[in-house]
Amino acid sequence: MGRMVIRINHAPRPSDGKAYEFYPPWSQGAGLLEPSLLKALEDVVGPDNMTTEPVELLCYARDASENFGKPDVIVWPRTTEQVSAVLKLANEYKVPVTPRGAGTCLSGGPVPAKGGILMVMTRMDRILDIDVANMLALVEPGVVWQDLNNALEPYGLFLPPDPASGAVCTIGGCIAEDAGGMRAVKYGTFRDWVQALEVVLPTGEVIWTGSRTRKCVSGYDLVHLFVGSEGTLGVITKALLRLFPKPKYALVMSAFAKDLRDAGRAVFYVLTRGLTPSAAEIMDKHTLRAVSEFTGAELPDCEAMLIFEFDGYTLSDVRARLREAKKLCEATNLKVRVAESEAEASEIWELRRAASPALARLRPSSIHEDVTVPVSKLPDMLERIGKISREFGMLIATFGHAGDGNLHPVILFDERDPEEARRARLAARELAKAALELGGTLTGEHGIGLSKAPFFTLEHSRTEVEVMRAIKKALDPNGIMNPGKIWEAGP
Ligand SMILES: Cc1cc2nc3c(=O)[nH]c(=O)nc-3n(C[C@H](O)[C@H](O)[C@H](O)COP(=O)(O)OP(=O)(O)OC[C@H]3O[C@@H](n4cnc5c(N)ncnc54)[C@H](O)[C@@H]3O)c2cc1C
Numbered sequence: 229m230g231r232m233v234i235r236i237n238h239a240p241r242p243s244d245g246k247a248y249e250f251y252p253p254w255s256q257g258a259g260l261l262e263p264s265l266l267k268a269l270e271d272v273v274g275p276d277n278m279t280t281e282p283v284e285l286l287c288y289a290r291d292a293s294e295n296f297g298k299p300d301v302i303v304w305p306r307t308t309e310q311v312s313a314v315l316k317l318a319n320e321y322k323v324p325v326t327p328r329g330a331g332t333c334l335s336g337g338p339v340p341a342k343g344g345i346l347m348v349m350t351r352m353d354r355i356l357d358i359d360v361a362n363m364l365a366l367v368e369p370g371v372v373w374q375d376l377n378n379a380l381e382p383y384g385l386f387l388p389p390d391p392a393s394g395a396v397c398t399i400g401g402c403i404a405e406d407a408g409g410m411r412a413v414k415y416g417t418f419r420d421w422v423q424a425l426e427v428v429l430p431t432g433e434v435i436w437t438g439s440r441t442r443k444c445v446s447g448y449d450l451v452h453l454f455v456g457s458e459g460t461l462g463v464i465t466k467a468l469l470r471l472f473p474k475p476k477y478a479l480v481m482s483a484f485a486k487d488l489r490d491a492g493r494a495v496f497y498v499l500t501r502g503l504t505p506s507a508a509e510i511m512d513k514h515t516l517r518a519v520s521e522f523t524g525a526e527l528p529d530c531e532a533m534l535i536f537e538f539d540g541y542t543l544s545d546v547r548a549r550l551r552e553a554k555k556l557c558e559a560t561n562l563k564v565r566v567a568e569s570e571a572e573a574s575e576i577w578e579l580r581r582a583a584s585p586a587l588a589r590l591r592p593s594s595i596h597e598d599v600t601v602p603v604s605k606l607p608d609m610l611e612r613i614g615k616i617s618r619e620f621g622m623l624i625a626t627f628g629h630a631g632d633g634n635l636h637p638v639i640l641f642d643e644r645d646p647e648e649a650r651r652a653r654l655a656a657r658e659l660a661k662a663a664l665e666l667g668g669t670l671t672g673e674h675g676i677g678l679s680k681a682p683f684f685t686l687e688h689s690r691t692e693v694e695v696m697r698a699i700k701k702a703l704d705p706n707g708i709m710n711p712g713k714i715w716e717a718g719p
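Just add 228 to wherever you are in the sequence shown, counting from 1, and you've got the numbering used here.
Rendered as C-alpha cells:
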C-alpha cells in the first residue's frame, strides 16, 4: 500500500516563531485524508460517531496545556472491535492516531501533533463490574473518575489516586498519564491501582494482560508498560482497577512558615516519623497572595503554607497522628491551625483548589511545571526555584504535593512578548535541570507529552532511549500511535 496521505503544515504558531524554538511543528489539520479512508472509518463507527467539521477539529486541537495540533478527523468508538478496526485502517493508510479522554492533560499528550485521526474514548464509558469481595472494578476507559467513585460509595470503597481534575478526567487518561493527586503521598499513583488491562495494539490486535489475582509473576509486566505510556503504545479499552475501603475519618490542619526551608523540613519530619498523612500540600507566598486576592481569604504573612490531612478508620488513631504532626511543625517554627469542623477543613481545601485559577488571573500565559525531587531535597528545590525566578526575571509561583516532592512551579508571563516568552522557556529548562541535579525527575504526574519532550534526553541516557524506541517499534512498527511525543519532539 504505502500511501502517505497526511500533509503536515509545519508553520509555526502565529504570533512569533522564535519563542517556540523548543517545540515541534504544529499540525494544522490539513484535511487531506483519502476519501476512501474517511468512508471506511464511517463504516466502522457510524456517521454519528465521526466528524471532519472544521469547528469541531479546532475544538479538539488543544488540551489544558499550551500545545496545539489539529486532527483531520475525529472518531468516537463505542466498542473494542471498533477501536481495533480503526487501528487496522490507520496502519493500512499509515495515518497517525491519537487517543484522547477528556483532554485535561497538562503536557500535550492528547494533542494530535501530526494530525490524522483523533480517537476520543468518552463514549466507552460503562462501569462493567464492581467486585466487592475482591475489591476490584472493571471499567471502560471513558468512565469519569468522579462517576466511578460515586458508584463505589455505597459499597464503602474508593479508588484512591485523586487528580484535581477528577470531576471530568477519564480513567483511560489517568492510566495513560499515571495520574496522581493529593493523596499520592499515602496511596500512590494510578500505577499502584491498575491490575489488568485490555489494550488494542497499534496493529489492531487485542490483548488482555495482567491477572484478577493480587499477585502475579507470570511473564513480563506488560500492564505497567502501558501505565504512563501516554497513548503511544496502544489504546486502553478496559481496565481492572484495585479498590480500597474508604477511610471513615479525616482531619486537616494548615501550617504557616516564615522560612521556606522550615516548610520543607516540616514535611520531611512528618513523613519520616511514619505519621502517613493522606495529603501534605504546599503553596508558596506568590500562590498565597494570588489565592487571597481571588478568594478574599485573609492569610498570614508567610513564605509558605502547608496543608496536612490524616485519614483512617478510628478517630483516636487519626487524632493521635495529627497531634504528633502539629508538635513537629511547631518545633520547626511553623504556626499551626487545626480545622475544628468539616466546614473549616473544606475552607482550607478551597484555598488549595483555588491555586490554579487564582494564578491564571495574574498573567495571560503560564507554563505549569511538574518537577519532582526526593522529599529530603524539597527545601533545596524550593530555593532553586526562587533563584531561577530572580535570574530570569520571571514570576514563578509554586504549589504542589510536597509530601512526594512533586512541585508545580507555574511560570507566569505574556506570550505576546517574544522576549518574555523566550525567557519563560529558558526558565522551564533550568527548572528541569535543577530537579535532575537534585536527583529528581522532569515529571511526577503530568507526563512528558510535547511540553517536556525537549528536555527528555537531559534525564534519560541514549541507551535508555534506544530501549524505549525498540519497545515502541515492536508494538507500533509503522509509528502511527500518538507520534511526536515523549522523545520524538526532542533534540
Ligand atoms: C485543573 C487540572 C488539575 C489537574 N490535576 C491533576 C492532578 O492533581 N494530578 C494529576 O496527575 N494530573 C492532574 N491533571 C492532569 C490531567 O487531568 C490528568 O493527567 C488526567 O489523568 C488526564 O485525563 P484525561 O481523561 O483528560 O486524558 P487526556 O488529557 O485526554 O489524555 C491524556 C493522555 O492519555 C492518553 N489517553 C487517553 N485515553 C487513552 C486510552 N483509552 N488509551 C490510551 N491512551 C489514552 C492520551 O493520548 C494522552 O496522552 C490536572 C489537569 C487540570 C486541567
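Even for Gly, the Cβ is constructed at its ideal location relative to N, Cα and C. All values reported here derive from a predicted model rather than from experimental measurement.
Check: Presumed contact (8 Å Cβ cut-off) between Gly400 and Ile358, rounded CB distance; Outcome: Not really, about 18 Å apart at Cβ, beyond 8 Å.
Check: Coil, strand or helix - Lys713 by DSSP; Outcome: coil
Check: According to DSSP, residues forming a beta bridge with Phe484; Outcome: Met533 and Lys563
Check: Assigned exposure category for Pro252 - 16 Cβ within 10 Å defines buried; Outcome: Interpretation of Pro252 is limited by its pLDDT of 43, a score under 50 that renders its predicted location unreliable; no figure is taken from the coordinates.
Check: Expected contact under 8 Å - CB spacing of Ala567 and Val498 to nearest Å; Outcome: Wrong, their Cβ atoms sit about 16 Å apart, outside the cutoff.
Check: Inter-stretch contact (C-beta, 8 Å, three-pair minimum) for the region 524–534 and the region 466–473; Outcome: no
Check: Residues bridged to Asp300 (per DSSP); Outcome: In the DSSP output, where bridge partners are listed per residue, Asp300 has none listed.
Check: Pairwise C-alpha distance: Leu670 and Phe684; Outcome: 8 Å
Check: Neighbour-count burial assignment, Asp291, 16 or more Cβ in a 10 Å radius; Outcome: buried
Check: Enclosing beta strand (DSSP E) for Trp436 [first to last residue]; Outcome: Val434 to Gly438
Check: N- and C-terminal bounds of the alpha helix (DSSP H) containing Lys513; Outcome: Lys513 to Thr523
Check: Proximity of Val495 and Gly462 at Cβ, strictly below 8 Å; Outcome: no
Check: Rounded separation between Ser604 and Arg612 - CA only; Outcome: 14 Å
Check: Alpha-carbon spacing of Ala395 relative to Met609, whole angstroms; Outcome: 31 Å
Check: Under the three-state DSSP convention, the category Pro253 falls into; Outcome: Here the model assigns Pro253 a pLDDT of 46, short of 50, so the residue's position is not dependable, and the following value carries that caveat. It is coil, neither helix nor strand.
Check: Ser594 - partner residues in DSSP beta bridges; Outcome: Leu640
Check: Exposure label - Leu356; buried when at least 16 CB within 10 Å; Outcome: exposed
Check: Under the three-state DSSP convention, the category Asn634 falls into; Outcome: strand
Check: Three-state secondary structure (DSSP) of His452; Outcome: helix
Check: Boundaries of the alpha helix (DSSP H) in which Met696 is found, first to last residue; Outcome: Arg690 to Leu703
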